[in-house]
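Colleague:
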Amino acid sequence: MAKSLFNDDAVDMIRTKREAWRKEIYECRREMPKKFETLSGFAVKPLYTPEDLSSMDYLRDLGFPGVEPFIRGVQPTMYRGRTWTHRQLAGFGPPEETNKRYKFLLKQGATGINGVFDYPTLRGYDSDDPDAAADVGRGGVSIDSVKDMNILFDGIPIEEVSVSLVTCQPICNISVQSMYFANALDRGIPLDRLAGTSQNDFLMETAVTIAPGVLPPAASFKLSCDAIEFCSKFAPRWNPISFAGYNYREAGCTAPQEVAFVIANAIACSQEMIRRGLEFDSFAPRLSFFLSAHNDFFEEIAKYRAARRVYSKTIQKQFGSKDPRSRMFRFHVQTAGVALTAQQPLNNIARAAYHAMAAVLGGAQSVHVDAYDEALCVPTELSSLTALRTQQILQSETGVTSTVDPLGGSYFLESLTNAMEEEIDRILEAIDGMGGIVKAAEKGWIHEEISAAAYKYQWAVESGEMPIVGVNCHQIEDEKLPIELFSIPETLGIQRKKLRQLRKQRKDAEVEKTLDAVSRCCERNENLMELLIGAVKVFVTEGEISKAMKRVYGVWDPPLF
Amino acid sequence: MEKKIRILIARLGMDAHWRGSIVVAKALRDAGMEIIYGGNQNPDNIVRMALQEDVDIIGLSSLSGNHLELAPKVVKLLKKEKAGDIKVIFGGTVAPDDIPKLKKAGIVEVFGPGSSLKKIIESVTKIAGGSAN
Chain A
566 MAKSLFNDDA VDMIRTKREA WRKEIYECRR EMPKKFETLS GFAVKPLYTP EDLSSMDYLR
626 DLGFPGVEPF IRGVQPTMYR GRTWTHRQLA GFGPPEETNK RYKFLLKQGA TGINGVFDYP
686 TLRGYDSDDP DAAADVGRGG VSIDSVKDMN ILFDGIPIEE VSVSLVTCQP ICNISVQSMY
746 FANALDRGIP LDRLAGTSQN DFLMETAVTI APGVLPPAAS FKLSCDAIEF CSKFAPRWNP
806 ISFAGYNYRE AGCTAPQEVA FVIANAIACS QEMIRRGLEF DSFAPRLSFF LSAHNDFFEE
866 IAKYRAARRV YSKTIQKQFG SKDPRSRMFR FHVQTAGVAL TAQQPLNNIA RAAYHAMAAV
926 LGGAQSVHVD AYDEALCVPT ELSSLTALRT QQILQSETGV TSTVDPLGGS YFLESLTNAM
986 EEEIDRILEA IDGMGGIVKA AEKGWIHEEI SAAAYKYQWA VESGEMPIVG VNCHQIEDEK
1046 LPIELFSIPE TLGIQRKKLR QLRKQRKDAE VEKTLDAVSR CCERNENLME LLIGAVKVFV
1106 TEGEISKAMK RVYGVWDPPL F
Chain B
3 MEKKIRILIA RLGMDAHWRG SIVVAKALRD AGMEIIYGGN QNPDNIVRMA LQEDVDIIGL
63 SSLSGNHLEL APKVVKLLKK EKAGDIKVIF GGTVAPDDIP KLKKAGIVEV FGPGSSLKKI
123 IESVTKIAGG SAN
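Note that the protein sequences, when read in sequence, are chains A and B.
Position 334 (the first sequence) corresponds to 899 in my numbering; numbering is contiguous.
Position 29 (the second sequence) corresponds to 31 in my numbering; numbering is contiguous.
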């Protein structure tokens, strides 16, 4: 039986007194002429009291950390037991250069690697493809073959450090993750020792970074599921997917959409795994999530907490899992890149610090803090270091790690968490009504929802309704840039040269046979990752693998606008 | 009735960010212009689409840093096709030092991060030499 936190008499008395306070005291003062609501549009009242939590049953709705509904945290001890992983994103230029940056960050106390790939790699193109030339080494590190992967992780103890591969699109992930695994095997490290995460989210390909000529949603989803299936059998410590809510949010969606889309995506993947004959509890504990930390401090904390409760409830209802770990919403947070400004860029240090604090008060498992120069360029060594130090200051100096879920029980935060949960549930129902997330992506609905929200946001900034320091208020006229910008080292020549040598040295017949096997594997609808881990050893390239897949799956021209 | 301004919005190369390009495209559409949204394209395709669609302006978008290589190519190709009257503008992540370089290469206007939609609409209207409606 539900037991509410406050008895009815007490709540009634509070209501009477609060009403009197409002009329006699509060309303004698003036409020600023603005709309009080969160970034995602939840109304915010001047004051929250036990009235707002009158129907809350502590044991049912909050409970304890490490147990259902996990709202207070997925681990019983949270940061008293272990700090969150300080996982700074890095990647640019050729793998030789990014390798140096990884080593630098590890030496400075980073506790995980977060590797991002350049645009051609993310979209499944080789560096020597004419369409790729201008983007090689941009936005991430360039990977064409397993040899590049050997270089990228050379001298890094991958059996000890957990590595996140920000492979975004499944077309990239299936090859790049296979290359990572092949590299480990080559170094004598069995796959079951590898800890890490790959992003591998089909919405990245079909709703978030969409471009003409991508894989059709169903094919992209299939590749994503191949990696999940493979890892559940052979790499049990690897999180084979990190549902990329962060990127949906960067593209423009709201906080509740961000969570609803990742959960709908996790449900679809789970249904597919079960269809493939896997036990739910054999893969579900390794499904992981990636969320943003945007400007609205309390909304973000409410979002993380609501995500945990919705997930645990929804999963229990849909799949009836036995293993509680299957119902844990574990997530990495990146501070919102879209919230950074090119104007007065050092202000971004303050922004990212608030974002990171929200992530930690919300119970994140791992965090990346954005560097102050990211609205202008790829981070310099100094800006990356400042970002890492921001995490270390948060952990060591602020005291926020001393107790679990320190804001739990706040009348405001719990109310906002409840409102967030309700809205997430509503969106989940809408997606379910469309036949699930793959169908919703095929219709272009997800992309439409994200772009509509982005447009609304921009007009709010434009009107000044949403103040952004340095952009629509507190500007500096003729500002002189106070920082040095990073320029990407020469990449295209290096990658092309390596590819020329590779194509000359490898055995053509072997390559052809392998690529043919890739196409046939697609035709037979078998698991590609099992094949690719062997295939990359004969030095087929990422671009060649993508072409072999597209020969079978074709390409999709998504609704763009 | 005055002819509507026709504008092709395209993302340069393989840049993965569409938010800016779509938000600007929607704003220009709501200001009464006709939008052809090309998504990611290489300079050859951008120019081909611009000619086919008979646009007044090409709006290029990129956050990847490929702008100095690809945006000037679009201007050059237009001239080669004797379509130098089609004006090219650019929006995206751009280092302040790159702005004069882009302008020198014939890009008539550059909008960096934080640019106002109203200013973009005004500027496009002026460049096209007419009113938006």
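Ideal placement from N, C-alpha and C gives every residue a C-beta, glycine not left out.
Work out the CA separation of V731(A) and E83(B) for me, nearest whole Å.
Modeller: As a working mapping, residue 83(B) is identified with position 81 in the second sequence. As a working mapping, residue 731(A) is identified with position 166 in the first sequence. Distance between the alpha carbons of E83(B) and V731(A): 41 Å.
Colleague: If we count the other Cβ atoms within 10 Å of its Cβ and call it buried at 16 or more, is G646(A) buried or exposed?
Modeller: Walking along the first sequence from the start, residue 646(A) turns up at place 81. Result: exposed.
Colleague: State the Cα-Cα distance for the pair N135(B) and I123(B), rounded to the nearest angstrom.
Modeller: Position 133 of the second sequence holds residue 135(B). Position 121 of the second sequence holds residue 123(B). Residue confidence is low: N135(B) scores 44 on pLDDT, short of 50, so the model does not pin down where it sits. No coordinate-derived value is stated.
Colleague: Should Q930(A) and F896(A) be called a contact, given that it needs their Cβ atoms to be closer than 8 Å?
Modeller: By one-based count along the first sequence, residue 930(A) stands at place 365. By one-based count along the first sequence, residue 896(A) stands at place 331. The answer is yes: Cβ separation under 8 Å.
Colleague: Using a Cβ-Cβ cut-off of less than 7 Å, list which residues of the stretch 694–718 of chain A approach chain B; keep chain order.
Modeller: Within the stretch 694–718 of chain A, the qualifying residues are D696, A697, A699, D700, R703 and G704.
Colleague: Between which two residues does the beta strand (DSSP E) containing R1071(A) stretch?
Modeller: Locating residue 1071(A) in the first sequence gives position 506, counting from the first residue. Premise fails: R1071(A) is in no beta strand (DSSP E) and is neither H nor E.
Colleague: Pull up the CB-CB distance for A940(A) and A915(A), whole angstroms please, since I reckon it's below 8 Å.
Modeller: Sequence index remark: in the first sequence, residue 940(A) carries index 375 (1-based). Sequence index remark: in the first sequence, residue 915(A) carries index 350 (1-based). The pair is not a contact, with the Cβ atoms about 14 Å apart (cut-off 8 Å).
Colleague: Determine, for A12(B), whether the minimum Cβ-Cβ distance to residues of chain A falls below 8 Å.
Modeller: Numbered from its first residue, the second sequence carries residue 12(B) at position 10. It does not: the Cβ of A12(B) has no partner Cβ on chain A nearer than 8 Å.
Colleague: Is it buried or exposed, I1059(A), if we count other Cβ atoms within 10 angstroms and call 16 or more buried?
Modeller: On the first sequence, residue 1059(A) is found 494 positions in, with the first residue counted as 1. I1059(A) should be labelled buried.
Colleague: Quick one: what does DSSP say S63(B) is sitting in, helix, strand or coil?
Modeller: As a first step, residue 63(B) must be located in the second sequence, where it is residue number 61. Strand.
Colleague: Kindly say whether K6(B), judged by its beta-carbon, lies nearer than 8 Å to any beta-carbon of chain A.
Modeller: Taking the first residue of the second sequence as 1, we reach residue 6(B) at position 4. False, the Cβ-Cβ gap to chain A never drops below 8 Å.
Colleague: Would you mind telling me which residues of chain A sit closer than 7 Å to E71(B), beta carbon to beta carbon, in chain order?
Modeller: Taking the second sequence and counting its residues from 1, the one referred to as residue 71(B) is at position 69. By Cβ distance, chain A contributes A699.
Colleague: Out of A655(A), S710(A) and V1026(A), state which residue places its alpha-carbon closest to the alpha-carbon of R1065(A).
Modeller: Looking up residue 1065(A) in the first sequence gives position 500. Residue S710(A) is the option with its Cα nearest to R1065(A).
Colleague: Please list, in chain order, the residues of the stretch 931–955 of chain A that have any C-beta partner in chain B closer than 7 Å.
Modeller: Those residues of the stretch 931–955 of chain A that come within reach of chain B (Cβ to Cβ, closer than 7 Å) are A940, L941 and C942.
Colleague: Tell me which residues share the same chain as G15(B) and place their Cβ nearer than 6 Å to its Cβ, disregarding the 5 neighbours each side in the sequence.
Modeller: Taking the second sequence and counting its residues from 1, one reaches residue 15(B) at position 13. Only N68 and L72 meet the Cβ criterion.
Colleague: State the Cα-Cα distance for the pair F718(A) and S763(A), rounded to the nearest angstrom.
Modeller: As a working mapping, residue 718(A) is identified with position 153 in the first sequence. As a working mapping, residue 763(A) is identified with position 198 in the first sequence. Straight-line Cα distance between these residues: approximately 15 Å.
Colleague: Strictly by DSSP, which residues pair up with Q653(A)?
Modeller: In the first sequence, the residue the question calls residue 653(A) occupies position 88. I678(A).
Colleague: Between the beta-carbon of V925(A) and the beta-carbon of V965(A), is there less than 8 Å?
Modeller: Numbered from 1 along the first sequence, position 360 holds the residue referred to as residue 925(A). Numbered from 1 along the first sequence, position 400 holds the residue referred to as residue 965(A). Contact: yes.
Colleague: Run the CB neighbour count on F601(A), radius 10 Å, all protein chains shown included, and call it buried at 16 or more, exposed below.
Modeller: Looking up residue 601(A) in the first sequence gives position 36. F601(A) comes out exposed.
Colleague: Which whole-angstrom value describes the C-beta separation of F1051(A) and P944(A), a residue pair presumed to lie in contact below a C-beta threshold of 8 Å?
Modeller: Locating residue 1051(A) in the first sequence gives position 486, where the first residue counts as 1. Locating residue 944(A) in the first sequence gives position 379, where the first residue counts as 1. Rounded, the Cβ-Cβ distance is 6 Å, consistent with contact.
Colleague: What is the DSSP secondary structure of Y613(A), reduced to helix, strand or coil?
Modeller: Against the first sequence, residue 613(A) aligns to sequence position 48. It is coil, neither helix nor strand.
Colleague: Using three-state DSSP, classify A809(A) as helix, strand or coil.
Modeller: Stepping through the first sequence from its first residue, residue 809(A) is reached at position 244. Reduced to three states, the DSSP call for A809(A) is strand.
Colleague: Quick one: Cα of S133(B) to Cα of T127(B), how far?
Modeller: Residue mapping note: residue 133(B) aligns to position 131 of the second sequence, counting from 1. Residue mapping note: residue 127(B) aligns to position 125 of the second sequence, counting from 1. Here S133(B) scores only 47 on pLDDT, less than 50, and its place in the model is too uncertain to base an answer on.
Colleague: Are the stretch 612–625 of chain A and the stretch 575–586 of chain A touching by the rule of at least three beta carbon pairs closer than 8 Å?
Modeller: Output reads yes: the stretch 575–586 of chain A touches the stretch 612–625 of chain A.
Colleague: Do I1048(A) and D1122(A) count as a contact pair if the criterion is CB distance below 8 Å?
Modeller: Here residue 1122(A) refers to the residue found at position 557 of the first sequence. Here residue 1048(A) refers to the residue found at position 483 of the first sequence. No, these two residues do not count as a Cβ contact at 8 Å.
Colleague: Could you work out which residues of chain B lie near L1046(A), taking near to mean beta carbons separated by less than 9 Å?
Modeller: Position 481 of the first sequence, counting from 1, holds the residue named residue 1046(A). Going along chain B in sequence order, the residues near L1046(A) (Cβ under 9 Å) are A97, P98 and D99.
Colleague: When burial is assigned at 16 or more other CB atoms within 10 Å of the CB, is A585(A) buried or exposed?
Modeller: Looking up residue 585(A) in the first sequence gives position 20. With fewer than 16 Cβ atoms within 10 Å of its Cβ, A585(A) is classed as exposed.
Colleague: Is there at least one Cβ from chain B nearer than 8 Å to N664(A)'s Cβ?
Modeller: For the purposes of this step, residue 664(A) is taken as the residue at position 99 of the first sequence. Closer than 8 Å: no.
Colleague: Applying a beta-carbon distance threshold of less than 9 Å, which residues of chain B neighbour E1027(A)?
Modeller: Taking the first residue of the first sequence as position 1, residue 1027(A) is located at position 462. Within chain B, the residues near E1027(A) are A29, S118, L119 and K120.
Colleague: I'd like the list of long-range same chain contacts for G1029(A), defined as Cβ closer than 6 Å, with 5 residues on each side in sequence excluded.
Modeller: If you number the first sequence from 1, residue 1029(A) lands on position 464. Same-chain partners within the cutoff: N1037.
Colleague: Less than 8 Å between the C-beta atoms of G61(B) and I9(B), yes or no?
Modeller: By one-based count along the second sequence, residue 61(B) stands at place 59. By one-based count along the second sequence, residue 9(B) stands at place 7. Contact flag set, yes.
Colleague: Mapping the DSSP letters down to three states, classify T955(A) as helix, strand or coil.
Modeller: Taking the first residue of the first sequence as 1, we reach residue 955(A) at position 390. If DSSP states are grouped into helix, strand and coil, T955(A) belongs with the helices.
Colleague: Is it the case that the Cβ atoms of N44(B) and P777(A) are separated by a distance below 8 Å?
Modeller: As a working mapping, residue 44(B) is identified with position 42 in the second sequence. As a working mapping, residue 777(A) is identified with position 212 in the first sequence. Contact: no.
Colleague: Any idea if G40(B) is buried or exposed, counting beta-carbon neighbours within 10 angstroms, 16 or more meaning buried?
Modeller: Translated into positions along the second sequence, residue 40(B) becomes position 38. Buried: at least 16 other Cβ atoms inside 10 Å.
Colleague: Does the beta carbon of S740(A) sit closer than 8 Å to a beta carbon anywhere in chain B?
Modeller: Residue numbering aside, residue 740(A) sits at position 175 when the first sequence is read from its first letter. Chain B contact via Cβ: absent.
Colleague: Out of T951(A), K1078(A), G1108(A) and P1124(A), which has the shortest C-alpha to C-alpha gap to E1013(A)?
Modeller: Counting from 1 along the first sequence, the entry for residue 1013(A) is found at position 448. Among T951(A), K1078(A), G1108(A) and P1124(A), the Cα nearest to that of E1013(A) belongs to P1124(A).
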